[in-house]
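Take a look at the structure below.
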Amino acid sequence: MPMFRAALLSLLLIASVAPGADTPGSPKADTHQVKLNGHTFTLPKGFEIELAAGADLAPRPIVAAFDTQGRLYVCDSSGSNEKTTVQLEKKPHRILRLESTKGDGRFDKSTVYVKNVMLPEGAMWLNGSLYVAAPPHIWKFTDTDNDGVADKEEIWFDGKTLTGCANDLHGPYLGPDGWIYWTKGAFAKQEYTVNGKKFNTRASHIFRARPDGTGIEPVMTGGMDNPVDLVFTPGGDIIFSTTFFQHPRDGKRDGLIHAVYGGIYGKDHDVLADHPWTSPQLMPVLTHMGPAAPSGLHRLESGEFGKDYANNIFCAQFNLRKVSRHVLVPTGSTYTTKDSDFVVSDNLDFHPTDVIEDADGSLLIVDTGGWYKLCCPTSQLVKPDVTGAIYRVKRTGAHKVDDPRGEKIDWNKLDMVGRLQALNHKQPAVRHRAATALLAASDEGITWLASVPSAPAGYTQDTQRYVLAILAGVDHPKARKAARTALSENGELAMIAIHAAGLWRDKEAMDDLAVLLRAGDNRMRRAAAGAFGRIGDPKVVPALLSMFDHKDIDRALDHSLTYALIEIDDIKGIRDGLKHESPRVRRACLAALSNITGGIEPQFYVAELDAKDSALRETAWWVAGRNPQWAAHVGDYLRDRLKLLPKMTPPEQDELASRLVPFLKAALIRDVVGDALLSTTEPSAQRAILRALAQSGVKAFPTEWKNGVQIALFSRSSDVVRDAIGVLRVVQLTAADHADLTEKVTQYRQRINAPLAKEFAYGLRAAGPVGSPLSVEDATGVIADLHRDRDGAIRGAAAELLARGSLTSESLIALAAALKTVNPVELSKLLGVFAKSTDAAVGSAVVKALRDPAVRAGIRVEMVKPILDKYPKTVQAETEKLYAELAEARKGETARLDKLLADLKPGDIRRGQVVFNSPKTNCIACHKVGYVGGLVGPDLTRVGGTRTERDLLEAIVFPSASFVRSYEPVRVVTTDDRTFNGILKKDAPDEIIIVVAADKEERVARADVASITPSAVSLMPSGLDQQLTPQDLADLVAFLRACK
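The opening position of the sequence shown corresponds to residue 71 in the numbering used here, with each subsequent residue numbered one higher.
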């Protein structure tokens, strides 16, 4: 795309996403503003907000939970952002118990319930104890002597892992079925026993277990970084909040997901490979929120907010400084949401982390304040002095509830009929106490409870649903019978009954489940399919297969039907489905069989590679691609298709190229592809094949490709030549092959009087073996092309050539002298060149160059110390001075940032966009805004909505100060002592891929990896501000602030 068109598109996108009308201070017509505690809150008319607990009681609250008496247990941070391993040892945080002694909803008494605890990430009250996730454990705290202090501490669950961001655990959460649920974040390996089988996983999950800790099983699997909170719909479906369910793109990143049982959700990540996929596509997202960092989630249970708010979901959005409202709308077999803001603060340090409901139906919002920075680049500055608070939101004129927790009821004297009547109370807390009292009566109580769901009159629908959900968690024949009876009901009651049948794998419920599978709505069909899978009876396979041919089947239902086939594990019954005339049935059978041991046979899939139905064809190729050992089975097909490549449309060419990649390590397919590349001179066909070769992961340059790549290098198309160079960059040529290829290309281009452009000439030369010598004369010319005023493509190619080559000491000294004129992007690539020498003269020249203020601004000690430490002692005295200067500069970063911010001029958005796209900064090579830009760095489409001017300025000037989640740099050292610093793109059992530059990836075989450790150095170069005028910097910040 021409630059002016890209610039125009990007600018138009900014205009479309920047909320110009919704500026602070101008609330919408149906909202009003309330000034409170240093905030201006915007919330709907008819609602009011008040302070429930100030910083004097709970300075940095994170999460909270009520006990049955209305006392609020608050996990309170110490403000520490130390490494998680240090926090695990120190346990610097605490748990408070707050009370409202006046009963007016304002807490006025605080007791330290637990004095020392690891970073708490969830709280739940159950049966007289407080359960708290504090990675790597879920703790159970009990106050046995009722003095307000927990004197009994038990580990309820041990995850045995603790990652740097402590994503390992969130929760726990009490399910309506009485099971305990929690989430596991990415990407530490945990080991479980599920249904008697070993279950090892690095993925994210929702897990559940019985209250005694038995029966652990996964509910959902994902590649997201951090699943946080979850709620249950009235019918028992799970909705959860999470970060990074997709790679940041187009302003999308975080949000809400409907967790369908057995589903595989984003983001696409290597940790998902060993889990059962039901389709080539990940399961869909429910609600996109952008970079919101959603945390606390709550479904409103009472009716105090009014009918329009019944069962609404509220979400605390840490980054966006608000609590949002989400109305679930049943859609097909799943849901959509209607989304709106509920409470928004104008205070940059308002960071809501939890939202819970009090017994009177009011909503508590937990604001943790400004202390948190661990793995959170939005919180650029650590502000432990900026405390939080707990706020209460109420409907004006509502919540006048007498005894909302049933404290005035003498439960010990209440007979069974009285307890049953209490189940109809409009306040959920009273219903819960009534159910607890009935369950305490054992068999008699369960008998009475079991009569409620099917009672013809006397109970509200809410009560019947609530009681049936409780019975779903009770191991008792009458509870099972009540659930089976409810399968003949409608709506949410039937959904809960289906859940109970699946949870207990109740074979006696199969006939009623079969009716719902045939005649229920799509949500019931989806739930019934899940139940059938858990029950595992092969008799239902034909019924499941017949469902795939329904016209209104959607992704969630298709998944549940397919997953049921996988769990039932009936190979013969599923293979029979391969003969079905319906492509939907055959597609599901192929997907299911691919996940069953012994179920997969190549001929089943090869037969469908050319299927007319796109979903069937895609599934066949997807499974084939996961089995590269099938190369012999697909070779003839690929040969025939490649002959048609020049006549295909570009999308068809890309599709075929992507299908080649998994098989390119097989000699047969390498030969097929080599012939195809040699036989075509049509540029688009050549490019499609070359792009496939570049992704092959082949280590040594195959002889089968040599002539085809050579022909591509003869091309007059710059794009074809660039792609051919791209292949040479990722495979290893022998010195002989490189010399031969270079000679033939050079001779041919001399004959046609079309020498390679300098960018490509450098690229071809860099494709030789690492360490190939460069003469002083050649190096001098290449070094000259590093100057910041040269074309960016030439600068990059020159830097790569020098980085791969072997330079004389004379050339190294000349390169050191040139560093002061080098762009920061190339500077980081070039430093490694000096690691190849131990010449004292070179070392002195390098240190001298690095001490130049123009160069020093772009480096950190971590970048240069491993290089300079190899030089003789005579150089070390100078290096110590350099380290001291760098350390001093680090100390002065805050002051420098303050001065830059104070001196920052008013910026112009349009000029800032030009800076963003300019060769000088080349931001667009790594960062995407809207639909334009690279994907190496974080998506910046909505960065202005979560970052202040100071945050953005720090990210530009000091990019290594903090790292965006999923973009943390690593340092990879190979067994042959090569070192790469960059972002891990792939972390698979056979190989890793590390992104080392905007246009360069390194593939390293797993066997060749000596170590992978976190790096303190960002892939984004430091010192960009040194290349910009103060006005350029101001304009760039203004442009980024406009990206909302």
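Think of the CB as a built atom: it goes at the ideal place given N, C-alpha and C, for glycine as much as any other residue.
Paired residues, beta bridge with residue i - DSSP
| i | result |
| --- | --- |
| ASN270 | GLU261 |
| TRP209 | VAL202 and ILE225 |
| VAL1043 | THR1049 and SER1081 |
| HIS240 | THR253 |
| ASN296 | THR313 |
Separation of residue j from residue i, as counted between CA atoms
| i | j | result |
| --- | --- | --- |
| PHE49 | ALA135 | The chain is shown only over 71 to 1114; residue 49 falls outside these bounds and no answer can be derived. |
| THR155 | PRO1039 | 20 Å |
| HIS650 | ARG656 | 6 Å |
| GLU880 | PRO672 | 60 Å |
| LEU1103 | PHE830 | 33 Å |
| PRO400 | VAL903 | 60 Å |
| ALA380 | GLY248 | 22 Å |
| VAL500 | HIS102 | 33 Å |
| ARG981 | ALA770 | 46 Å |
| ALA505 | TYR442 | 39 Å |
| ILE309 | VAL1065 | 34 Å |
| GLY962 | PRO304 | 55 Å |
| LEU956 | PRO1091 | 15 Å |
| THR944 | THR908 | 11 Å |
| ARG596 | ARG625 | 10 Å |
| ALA220 | TRP195 | 13 Å |
| ARG1020 | LYS267 | 52 Å |
| SER449 | GLY1003 | For SER449, the predicted structure reports a pLDDT of 44, less than 50, and the residue's modelled location is therefore unreliable. The matter cannot be settled from this model. |
| MET580 | ALA571 | 8 Å |
For residue j and residue i, believed in contact at Cβ under 8 Å, the rounded distance
| i | j | result |
| --- | --- | --- |
| ARG164 | ASN186 | 7 Å |
| ILE937 | LEU885 | ILE937 to LEU885, Cβ: 13 Å. No contact. |
| PHE986 | LEU1094 | So it is not a contact: roughly 11 Å between Cβ atoms. |
| SER274 | PRO242 | 16 Å between Cβ atoms; not a contact. |
| ALA128 | ASP100 | 32 Å between Cβ atoms; not a contact. |
| LEU239 | LYS254 | 7 Å |
| HIS997 | PRO1008 | 7 Å |
Secondary structure of residue i, DSSP reduced to three states
| i | result |
| --- | --- |
| GLU1072 | strand |
| SER766 | coil |
| VAL436 | strand |
| PHE310 | strand |
| MET718 | coil |
| ARG465 | strand |
| HIS396 | strand |
| ILE853 | helix |
| HIS275 | strand |
| HIS650 | coil |
| TRP252 | strand |
| ARG786 | coil |
| ASN777 | helix |
| TYR183 | strand |
| PRO246 | coil |
| PHE986 | helix |
| GLN756 | helix |
Contact check, residue i vs residue j, beta carbons under 8 Å
| i | j | result |
| --- | --- | --- |
| PRO894 | GLY851 | no |
| VAL1027 | LEU970 | yes |
| LEU952 | LEU900 | no |
| LEU871 | ARG835 | yes |
| THR964 | CYS1113 | no |
| THR138 | ARG475 | yes |
| TYR1199 | TYR143 | No statement about residue 1199 is possible, as the shown extent of the chain runs from 71 to 1114 and does not include it. |
| THR750 | PRO716 | yes |
| LEU856 | ALA888 | yes |
| MET353 | HIS629 | yes |
| ILE437 | PHE420 | Before going on, a small fix: residue 437 reads as Asp here, not Ile. Yes. |
| GLY838 | LEU803 | yes |
| ILE383 | VAL301 | yes |
Proximity test, residue i beta-carbon vs the ligand ZN heavy atom, cut-off 7 Å
| i | result |
| --- | --- |
| SER432 | The model on display carries no ligand, and the ligand ZN is accordingly not part of it. |
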